[in-house]
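Colleague:
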Amino acid sequence: MAYEIIWEPRATNAAVRFLKEDPQGLAAVYEAVDALGENPRPRGSFAFGSTDVRRLHSGDYRVLYVIEETVIRIVVTSLGRVPG
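Numbering (the working numbering), first residue to last: -17 to 66.
(1) How long is the line joining the alpha carbons of residue 58 and residue 2, rounded to whole angstroms?
(2) Considering only their Cβ atoms, is the gap separating residue 49 from residue 35 smaller than 9 Å?
(3) Hey, quick one: how far does the beta strand (DSSP E) through residue -15 stretch, first residue to last?
(4) Got a sec? Which residues, its chain only, sit under 6 Å from residue 11 by beta carbon, not counting five neighbours each side?
(5) Using DSSP with H/G/I as helix, E/B as strand and the rest coil, what is residue -6?
(6) Start and end of the alpha helix (DSSP H) containing residue 7?
(7) Name the one or two DSSP bridge partners that residue 61 has.
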């Protein structure tokens, strides 16, 4: 069963900003987030304070998302660059 992916406005706004600077990096982020629909807890993702809140790194970016099991969806709450 595939999960619906929802992007909160804050995460969408960050993606638009980063897309202008790094289209290839954002393409990898979108691919990683789309894959969450089939596997919401992939190898390399970590619980972030709660088992339903997860953190996933994709290249230079960090994605925070919430898994909502009761409605089968994933809500992307934040997108940011990994300090480096």
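Where a beta carbon is used, it is the ideal one built from N, C-alpha and C, also for glycine.
Modeller: On the basis of the data shown:
(1) The count along the sequence shown starts at 1 and reaches residue 58 at position 76. The count along the sequence shown starts at 1 and reaches residue 2 at position 20. Straight-line Cα distance between these residues: approximately 20 Å.
(2) Translated into the one-based positions of the sequence shown, residue 35 becomes position 53. Translated into the one-based positions of the sequence shown, residue 49 becomes position 67. Cβ distance < 9 Å, so residue 35 and residue 49 count as in contact.
(3) Taking the sequence shown and counting its residues from 1, the one referred to as residue -15 is at position 3. That residue, residue -15, is in no beta strand (DSSP E); it is neither H nor E in DSSP.
(4) Looking up residue 11 in the sequence shown gives position 29. Answer for residue 11: 40 and 43, listed in chain order.
(5) On the sequence shown, residue -6 is found 12 positions in, with the first residue counted as 1. In this structure, residue -6 counts as helix in the three-state DSSP scheme.
(6) Residue 7 sits at position 25 when you count from the first residue of the sequence shown. Note, residue 7: alpha helix (DSSP H), 5 to 18.
(7) Here residue 61 is taken as the residue at index 79 of the sequence shown, counted from 1. According to DSSP, residue 61 bridges with 45.
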